[in-house]
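Encoded as structure tokens, the structure appears first; notes follow it.
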Amino acid sequence: MLRILQQIFRTGVVTEPLSDEVETEVVLVGARLEEAIRRRFSRSLVIREVDSGSCNGCELEIIAMNNPVYNSERFGIHFTASPRFADMLLVTGPVSLNMEIALKRTYDATPDPKLVVAVGDCGCNGGIFGESYATLGGVGAVIPVDAYIPGCPPTPVDLLNGILTVIDGRRT
Amino acid sequence: MSKLREIITTHFGIDAVYCVGLSPAFVPEFRIQRERFEEAASMMKRVGARLVAEWAVDETLLGRSFAVYACYAADKEYLLAACDVPLNDPTFPSLTKKYVPAFRFERQIHSLMGLTPSGHAHSDLRPWIKFEDWPPDAWPLRKTFDASRRLPRVAGEYRWARVSGEGVYEIPVGPVHAGIIEPGHFRFQAAGENILNLEERLGYTHKGIEKRFESLSWADGTRLAGRVSGDSTVAHALAYCRAVEGICGCEPPPRAHWLRALLLERERIANHLGDIAAIANDAAFAFLLYQFARLKETILRTNKRLFGNRYLKDRIVPGGIAVDLPLEGADLIRAELDGLLKEFERLLTIYDLSPSLEDRLRTTGILSPELARDLGTVGFVARASGQALDCRIQAPFLPYDQIPPSMVVLDSCDVHARAWVRIEEIRDSARLIREFLLKIPSGELRVPLLPPGPDRSGFSVVEGWRGEIVYWVQSGLSGDINRCMIRDPSSVNWLGLEQAVLGNIVPDFPLCNKSFNQSYSGNDL
């Protein structure tokens, strides 16, 4: 136990500050996010992440959003296991034929009002996989999408920025 | 050194046609008659070779028919045995009686190429990757299939394995399941807390990748290979490029080989750190999740700073490498590793001295050495169950032939072993990287890639962080891509998870699953 405490104190708070321009980015985006989430979502924006056929690259960065460096929880962003608790679906793509029905059901299970954000180049337009017998293209081909976060994969800062854009009601 | 080859040539004589032109030369390919396809498997089985992969090819555009290929490996040797399958009788002898994992390969061949395995009374012909709501005659890997056409949905039902008896109940999980994770379906039958049976059903992320390759140029294929499984982007791109360089007769400059290995080891460290973090978290030890996740982030940031991409995507290209190590790079990496390993060792002491963690990880999710071998598992899953398999050692290329990795094999076969193998591999990868940095030669980064001749094939194996990745590519008559076969380690290791959870309690499934952490996308293609 002593070792754990020592390690915790030795590590300190690693959550930003960072040394370069990324720092200002995270801090600026974070402050605006926190403000917008307080105003519109009573301090808590709950997200269900849905992989509708991705290569898992986008998932890595969405997981990284929760690591202690970005620590998106501090801005009021929470990830949930059930779409029934979600305010927002964060959907990666391309939507595969085999995930089409599950994605629609997840969308229907999410209570209104809800937001859908398509993540990654594939989520936006099908990316390198395009449309084929096995893929239907971007998320927008299957469910209504409110905002897009391109990138392969988008970085945690891109993701925070994209989420801010949609809840702030301003488009980039 | 060429035991398998000798067995085939002595046993089959002139009936086994040696196919010249396959590159690299160390992987001989034999054509044998269809009736004797299973016979070859039993010869291989007898000398302890494992079945690496089994796949089908539509060779009609090459003036032939269908063909089924089986790849075997023993020690340092790989061998391909193929048989022709006529168009008017699309059946082939099943290898399932000899090799258990063949049943999954054959389900896939049956689903996607429309060739039927025969000779096995209990052949599992349920669709795999393909779903029951596809038209049954939709065989995407056939040349006559129009890949741009949207498939109509038809009515169909999947026959699940059933377990019945007093108090037995079923838990369906997924495809949209807990956490930030890829989609898959798991069907448990349990009595009380104990798992009696687990059936996986994968294919949700099937994107038609193998078919897509056939419409791309050899150069463009690299980007697609880098997106087969995002967490293994370096390993997949490297495996693809090595297969393509083999078929095209292209030899990348030495500096490129060394830098590629550097990226491969960095990918290994990053993913292993993330997985150990996640295993600790699934045992409710969040402290280590955050600590290891922090270390992983430092690797990603150095990647971004030195190579321009956090995951090193699209850095490896056919003929070499797209990015150089900057002048200050070696010092930066050394400093990063020094800091990281110091922290890492300190955290390991905590990991090692935590009885609560030990209680959850030890003796949980045991995959016996016999099963690990019979199921054909590879990578850290196999090494945690006593199997000495690492193709950086068994099929080494520059620089692994000069600076060999040390193989870590454990025999407790549990979640702890699968975590600890990775802990040792982080240490070893750090050592490899330090030694690479001392020896990376200067020089060119890339040579041009010339198109291959018609009707040739190339083969490669690369040890990604999950294990052995296999690519087999074949050129068409105009030197285009006729077929690109991918076997991610997940295709075989998922079989191990089904067995490892038996007798465990349902709440330990996430822990077992995380300790395997196989790719859904790499399996579904």
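Residue numbers (this note's numbering), protein chains in the order written: chain A, 1329 to 1500; chain B, 220 to 744.
C-beta: ideal position from N, C-alpha, C; glycine also.
DSSP three-state assignment for Gln-252 of chain B, whether helix, strand or coil: Gln-252 of chain B falls in the coil class under three-state DSSP.
Residue-chain proximity (Ser-1400 of chain A, chain B), Cβ-Cβ < 9 Å: no
Which residue from B:Phe-678, B:Phe-735, B:Arg-685 puts its Cα closest to that of Gly-468 of chain B? Comparing Cα-Cα distances from Gly-468 of chain B to each of B:Phe-678, B:Phe-735, B:Arg-685, the minimum goes to B:Phe-678.
Contact belief for Phe-711 of chain B with Leu-594 of chain B at Cβ below 8 Å, rounded distance in angstroms: Per the sequence shown, residue 711 of chain B should be read as Val rather than Phe. Right, their Cβ atoms sit about 7 Å apart.
In its own chain, which residues sit with a C-beta less than 8 Å from the C-beta of Val-373 of chain B, not counting the 5 before and 5 after it? Only Asp-352, Trp-353, Pro-354, Pro-355 meet the Cβ criterion.
Please report how far the alpha carbon of Ile-552 of chain B lies from the alpha carbon of Leu-483 of chain B, in whole angstroms. 14 Å
Residue interval of the alpha helix (DSSP H) (run including Ser-676 of chain B): For Ser-676 of chain B, there is no enclosing alpha helix (DSSP H); the enclosing beta strand (DSSP E) has its first and last residue at 676–682.
Would you call the segment 395–402 of chain B and the segment 429–440 of chain B in contact, with 3 or more CB pairs under 8 Å? no
Proximal residues of chain B, C-beta to C-beta of Phe-1413 of chain A below 9 Å: Here the premise fails: no neighbours, minimum Cβ distance about 12 Å.
Between the Cα of Pro-1484 of chain A and the Cα atoms of A:Ile-1391, A:Ala-1437, A:Phe-1369, A:Asp-1496, which residue gives the shortest distance? That would be A:Ile-1391, whose Cα lies nearest to the Cα of Pro-1484 of chain A.
Beta-carbon of Arg-442 of chain B versus every beta-carbon of chain A: anything under 9 Å? yes
If the cut is a Cβ gap below 8 Å, which residues of chain A does Ser-745 of chain B touch? Past the edges of chain B, shown from 220 to 744, lies residue 745 of chain B, and the structure says nothing about it.
At a CB-CB cut-off below 7 Å, which residues of chain A make contact with Leu-370 of chain B? The contacting residues are Leu-1425, Tyr-1461.
Any idea if Ile-1336 of chain A is buried or exposed, counting beta-carbon neighbours within 10 angstroms, 16 or more meaning buried? exposed
Quick one: grab the DSSP three-state call for Trp-358 of chain B. Looking at Trp-358 of chain B - three-state DSSP - the assignment turns out to be coil, as it is neither helix nor strand.
Coarse secondary structure for Val-640 of chain B, derived from DSSP in three states: Reduced to three states, the DSSP call for Val-640 of chain B is helix.
So is Arg-1499 of chain A buried or exposed if we call it buried at 16+ other beta carbons inside 10 Å? Caution is warranted here: a pLDDT of 40 is assigned to Arg-1499 of chain A, below 50, making its placement in the model unreliable, and the coordinate value is therefore given only provisionally. Classification of Arg-1499 of chain A: exposed, given that the 10 Å Cβ count is below 16.
What residue from A:Pro-1481, A:Gly-1455, A:Gly-1490 has the CA that sits closest to Lys-426 of chain B's CA? A:Gly-1455
Between the Cα of Glu-577 of chain B and those of B:Pro-618, B:Asn-522, B:Asp-633, spot the shortest distance and give me the residue it belongs to. B:Asp-633
In three-state terms, what does DSSP make of Gly-1468 of chain A? Assigned with DSSP and collapsed to three states, Gly-1468 of chain A falls in helix.
Listed by chain order, chain B residues near Phe-1407 of chain A by CB distance under 9 Å: Under the 9 Å cutoff, chain B gives Gly-398, Ile-399.
Please state if the CB of Phe-311 of chain B and the CB of Phe-256 of chain B are separated by a distance shorter than 9 Å. Closer than 9 Å, so yes.
Residue range of the beta strand (DSSP E) that Asn-413 of chain B falls in? 413–420
Cβ-based neighbour list, Gly-741 of chain B, same chain, cut-off 6 Å, excluding 5 preceding and 5 following: Closer than 6 Å at Cβ, skipping near neighbours: Val-447, Ser-448, Asp-707, Ser-709.
When the Cα atoms are used, what is the spatial distance from Ile-1471 of chain A to Ala-541 of chain B? Their backbone Cα atoms lie some 38 Å apart in a straight line.
Who does His-404 of chain B pair with in a DSSP beta bridge? B:Arg-420
Sort out for me which residues DSSP pairs Ser-337 of chain B with in a bridge. B:Pro-312
Across the segment 471–479 of chain B and the segment 499–509 of chain B, are there enough close Cβ pairs to call them in contact, namely three or more that are closer than 8 Å? no
Does any residue of chain B bring its CB to less than 9 Å from the CB of Cys-1452 of chain A? no
What's the gap between the Cα of Thr-1438 of chain A and the Cα of Ile-495 of chain B? 32 Å
One or two residues paired with Tyr-291 of chain B in a DSSP bridge: B:Leu-270, B:Leu-298
Just how far apart, CA to CA, sit Asn-1426 of chain A and Gly-422 of chain B? 7 Å
Here's the rule: buried if 16 or more other CB atoms are within 10 angstroms of the residue's CB, otherwise exposed. What is Asn-723 of chain B? With 16 or more Cβ atoms within 10 Å of its Cβ, Asn-723 of chain B is classed as buried.
With H, G and I counted as helix, E and B as strand and the rest as coil, what does DSSP make of Val-373 of chain B? For Val-373 of chain B, the three-state secondary structure derived from DSSP is coil.
Can you give me the start and stop residues for the alpha helix (DSSP H) that Met-1427 of chain A sits inside? Run containing Met-1427 of chain A: none; DSSP gives neither H nor E here.
Looking at Leu-415 of chain B and Leu-721 of chain B, is the spacing between their C-beta atoms short of 9 Å? yes
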